[in-house]
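Written out below as structure tokens is the structure these notes cover.
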Amino acid sequence: MLFGILREQMAENNDIKPRQPIVAVMGHVDHGKTTLLDCIRKTVVASREAGGITQAVGAYEVTHNGKLITFIDTPGHEAFSKMRERGANAADLAILVVAAEEGVKPQTKEVIKTLADTKTPFVVAINKIDKPGADIEKTKNDLMAAGVYLEGYGGDVSFEPISAKTGENVDKLLDLILLAAEVAEIKADYSAPARGFILESKLNKNRGIEVTAIIRDGVLRHGDEIATASAKGKAKIMEDFAGKTVNEVMPGAPVVIIGFEESPMIGEDLFSGEEAASNYKKTGPAQKAINAVEPEDGSLPLLLKASDAGSLEAIAEILKALPLHKPVKIVDQGVGEVGEGDLKMAISSHAAIVAYKTKLDRAAKNLAEARETRILSSEIIYELVKAVEDLSKETAAGKIIGDLEVLAVFNQIKLEKQLVGGKVISGIFKNKTQLEIQREGKKVGEGRVNNLQTKKQDAVSIPEGQEGGVLMSSAIAVLVGDHLLIREKKEV
Numbered sequence: 227m228l229f230g231i232l233r234e235q236m237a238e239n240n241d242i243k244p245r246q247p248i249v250a251v252m253g254h255v256d257h258g259k260t261t262l263l264d265c266i267r268k269t270v271v272a273s274r275e276a277g278g279i280t281q282a283v284g285a286y287e288v289t290h291n292g293k294l295i296t297f298i299d300t301p302g303h304e305a306f307s308k309m310r311e312r313g314a315n316a317a318d319l320a321i322l323v324v325a326a327e328e329g330v331k332p333q334t335k336e337v338i339k340t341l342a343d344t345k346t347p348f349v350v351a352i353n354k355i356d357k358p359g360a361d362i363e364k365t366k367n368d369l370m371a372a373g374v375y376l377e378g379y380g381g382d383v384s385f386e387p388i389s390a391k392t393g394e395n396v397d398k399l400l401d402l403i404l405l406a407a408e409v410a411e412i413k414a415d416y417s418a419p420a421r422g423f424i425l426e427s428k429l430n431k432n433r434g435i436e437v438t439a440i441i442r443d444g445v446l447r448h449g450d451e452i453a454t455a456s457a458k459g460k461a462k463i464m465e466d467f468a469g470k471t472v473n474e475v476m477p478g479a480p481v482v483i484i485g486f487e488e489s490p491m492i493g494e495d496l497f498s499g500e501e502a503a504s505n506y507k508k509t510g511p512a513q514k515a516i517n518a519v520e521p522e523d524g525s526l527p528l529l530l531k532a533s534d535a536g537s538l539e540a541i542a543e544i545l546k547a548l549p550l551h552k553p554v555k556i557v558d559q560g561v562g563e564v565g566e567g568d569l570k571m572a573i574s575s576h577a578a579i580v581a582y583k584t585k586l587d588r589a590a591k592n593l594a595e596a597r598e599t600r601i602l603s604s605e606i607i608y609e610l611v612k613a614v615e616d617l618s619k620e621t622a623a624g625k626i627i628g629d630l631e632v633l634a635v636f637n638q639i640k641l642e643k644q645l646v647g648g649k650v651i652s653g654i655f656k657n658k659t660q661l662e663i664q665r666e667g668k669k670v671g672e673g674r675v676n677n678l679q680t681k682k683q684d685a686v687s688i689p690e691g692q693e694g695g696v697l698m699s700s701a702i703a704v705l706v707g708d709h710l711l712i713r714e715k716k717e718v
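For the sequence shown, the residue numbers in my numbering are 227 to 718.
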């Protein structure tokens with residue numbers, strides 16, 4: 227791994243200096259991670275997004291006691307476990323935030339496992355001690371039961387009871403971080419080409435591809451050649467976490483880079499200078515080709531678009547894990563607005579488009595309306611999941627190709643020979659097919675079309691807008707007002 231090699235090289239290099247620690251803030255949803263960061267940054271910026279969960283990774287730089295610290299905010303919702311792991315992999319240290327009123331929760335245990343697997347040192351912030359239901363001792367016991375052995379209780383994991391809301395003891399928590407960083411002896415080679423880690427990638431329609439990275443070693447300078455395994459470019463614009471343009475980025479600092487020719491993959495190592503060319507493998511187009519493979523029979527083909535790469539990865543993982551009637555097949559995916567090219571891909575793949583926190587451009591809207599392509603769009607992840615579940619049920623049952631409303635019942639002496647009259651309100655109602663009986667919008671039974679008549683003549687089908695007679699068999703007695711549906715997969 228890149229950073230293991232870096233440590234070996236540094237052991238032989240005398241031209242190295244201490245650098246600021248990179249700290250991931252991790253924990254269960256709503257336990258106060260982002261509130262803690264807001265408190266540290268002394269801001270009142272709204273930290274919540276649609277659906278009530280923080281759904282983007284942010285990197286921030288702060289100063290405490292004259293020393294810089296870089297913080298990574300990792301989402302706590304279970305859908306974003308990969309993003310949390312990415313935060314831990316990028317970090318030197320972590321803060322595990324646990325609410326004193328709730329104690330250890332499922333995502334807390336998941337984070338503890340991630341920290342153990344990545345061997346990331348961490349301190350514990352027992353948060354929300356200002357709440358009436360706060361129980362610090364119970365929270366400590368919960369942590370011990372989860373394998374986190376605290377100082378003073380037979381272990382060596384430092385902890386601090388805090389209130390991110392009021393700021394109580396947050397300064398002491400930062401003291402613990404600086405102490406842990408000192409013990410870890412975090413250093414970097416300031417004379418080396420920059421090496422780092424891709425934390426986020428998104429498409430800005432005005433500026434192009436925006437990449438958030440953390441520089442682990444070396445110094446990144448304006449104009450440097452940059453690359454990952456899948457993308458390359460030049461550092462044309464660099465900004466610090468506050469949006470200020472900078473000409474160089476020191477080790478340990480976060481940076482927003484504009485200048486990549488294509489979007490790098492989240493989690494990739496970042497290289498600069500001569501190393502950039504040698505590490506660029508152009509895997510992006512190959513991945514695109516894999517994504518574009520036609521879906522297998524029996525699957526639910528979807529084309530995914532999202533506002534940023536982290537959200538795209540998260541929604542893809544959620545949808546692929548859903549226990550649906552048809553397994554999800556992602557035919558293509560990307561970052562940014564849904565464009566005309568996306569629509570053409572969806573049409574050729576018979577796919578629905580899932581748009582998460584992004585919109586359709588004008589050309590795409592026109593094409594979608596003309597070709598009646600299904601678009602599932604929302605800024606709330608749960609709404610998209612429900613929409614995909616509903617789509618799966620609908621397609622599992624088969625597309626409705628004919629809908630006849632029953633206007634009269636002529637003969638029901640025998641259920642296997644029911645004669646009804648009706649009007650086709652959509653599609654084409656075909657002879658010799660299986661049918662579904664719906665009453666007040668709900669399925670009540672099934673049957674079979676044995677014969678059709680229009681204008682007292684036998685017919686192969688009845689087109690939309692016309693009336694006709696239906697001789698059918700079913701275990702259910704059909705009533706006036708019922709709808710007889712013919713679905714595509716039921717045709718025999």
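For glycine and all other residues, C-beta sits at the position ideal for the given N, C-alpha and C.
Leaving out the 5 sequence neighbours to the left and right, which residues in its chain are closer than 6 Å to residue i when beta-carbon positions are compared?
i, result
"Arg447", "Glu474"
"Ala589", "Glu566"
"Val481", "Ala439, Met464 and Val475"
"Asn505", "Ala453 and Phe497"
"Ser604", "Leu610"
"Asn430", "Glu436"
Which class does residue i belong to by DSSP, given the choice of helix, strand or coil?
i, result
"Gln721", "Residue 721 is absent from the model: the chain starts at 227 and stops at 718."
"Val675", "strand"
"Lys716", "Note that Lys716 scores 37 on pLDDT, short of 50, meaning its location in the model is unreliable; the coordinates nonetheless yield the value given after this. Of the three classes helix, strand and coil, the one that applies to Lys716 here is helix, per DSSP."
"Gln281", "Below a pLDDT of 50, predicted positions are generally treated as unreliable, and Gln281, at 37, falls in that range; no measurement from the model is reported."
"Ser687", "strand"
"Leu569", "helix"
"Gly648", "strand"
"Ile435", "strand"
"Lys508", "Any reading at Lys508 is ruled out, since the residue's pLDDT is 46, under 50, leaving its predicted position unreliable."
"Thr334", "helix"
"Asp318", "coil"
"Ala518", "In this prediction, Ala518 scores a pLDDT of 35, lower than 50, which makes its location untrustworthy; no coordinate-derived value is stated."
"Lys585", "coil"
"Leu593", "helix"
"Asp343", "helix"
"Glu501", "helix"
"Ser700", "strand"
"Ser574", "helix"
Contact defined as beta carbons within less than 8 Å: I believe residue i pairs with residue j. What is the distance between those atoms, to the nearest angstrom?
i, j, result
"Ser652", "Asp616", "With 8 Å as the limit, Ser652 and Asp616 do not qualify as a contact, their Cβ atoms being about 19 Å apart."
"Thr289", "Leu319", "At roughly 17 Å, the Cβ-Cβ gap does not stay under 8 Å, so Thr289 and Leu319 are not in contact."
"Ser498", "Ile424", "That pair is no contact at about 13 Å."
"Leu496", "Gly422", "4 Å"
"Gly459", "Glu487", "5 Å"
"Glu408", "Ile492", "Going by Cβ atoms, the distance from Glu408 to Ile492 rounds to 30 Å, so no, they are not a contact pair."
"Val704", "Ile663", "6 Å"
"Ala461", "Ile483", "6 Å"
"Ser633", "Lys649", "Correcting the residue identity first, residue 633 is Leu in this sequence and not Ser. Sure, about 6 Å apart at Cβ, within 8 Å."
"Gly647", "Leu661", "The pair is not a contact, with the Cβ atoms about 15 Å apart (cut-off 8 Å)."
For the beta strand (DSSP E) containing residue i, name the first residue and the last one.
i, result
"Gly720", "This structure leaves residue 720 out entirely; the chain is present only between 227 and 718."
"Gly485", "Pro480 to Phe486"
"Pro387", "Phe385 to Pro387"
"Ile463", "Lys458 to Glu465"
"Leu399", "Unbroken run through Leu399 is the alpha helix (DSSP H), Val396 to Ala410; no beta strand (DSSP E)."
"Ala351", "Phe348 to Asn353"
"Lys531", "Leu526 to Ala532"
"Ile654", "Counting along the chain, Ile654 falls outside any beta strand (DSSP E), and DSSP gives it neither H nor E."
For residue i, which residues in the same chain have their Cβ closer than 7 Å to its Cβ, ignoring the five residues on either side in sequence?
i, result
"Ala701", "Leu641 and Gly671"
"Thr269", "Reliability of the predicted coordinates at Thr269 is poor, the pLDDT of 41 falling under 50, and the value obtained from them is presented with this limitation in mind. Answer for Thr269: no residue qualifies."
"Lys428", "Glu436, Ser533, Asp534, Ala535 and Val561"
"Gln679", "Ala685, Gly694 and Gly695"
"Leu404", "His290, Asn291 and Lys293"
"Pro490", "Ile424, Ser427, Val437, Thr454, Ser456 and Ala457"
"Lys354", "Gly258, Ala325, Ala326, Glu327, Ala360 and Ser389"
Quick one: what's got a C-beta closer than 8 Å to residue i's C-beta in the same chain, skipping five residues either side?
i, result
"Glu386", "Val349, Val350, Ala351, Ile352, Asn395, Lys398, Leu399 and Leu402"
"Thr471", "Ile463, Met464 and Glu465"
"Thr719", "Residue 719 lies beyond the range of the chain shown here (227 to 718); nothing can be said about it."
"Ile601", "Val564, Ala578, Ile579, Ala581, Leu586 and Ala594"
"Lys366", "Ile352, Leu376, Tyr379 and Phe385"
"Gly393", "Cys265"
"Leu528", "Leu545, Val554, Lys555, Ile556, Val557, Ala577, Ala578, Ile579, Val580 and Val614"
"Ile242", "Met236, Lys413, Ala414, Asp415 and Tyr416"
"Leu538", "Leu530, Lys531, Ala532, Gln559, Gly560, Val561 and Tyr582"
Tell me which residue opens and which closes the alpha helix (DSSP H) that residue i is part of.
i, result
"Arg267", "Lys259 to Arg267"
"Leu369", "Ile362 to Ala371"
"Lys546", "Ala535 to Ala547"
"Ile492", "Premise fails: Ile492 is in no alpha helix (DSSP H) and is neither H nor E."
Measuring only from the beta carbon, is residue i closer than 8 Å to any heavy atom that is part of the ligand GTP?
i, result
"Asn592", "The ligand GTP is absent from the structure shown, which contains no ligands of any kind."
#### Entry: Complete runs of the beta strand (DSSP E) confined to the segment 600-643 [at least 3 residues]
Here the runs fully enclosed are 601-604 and 626-637.
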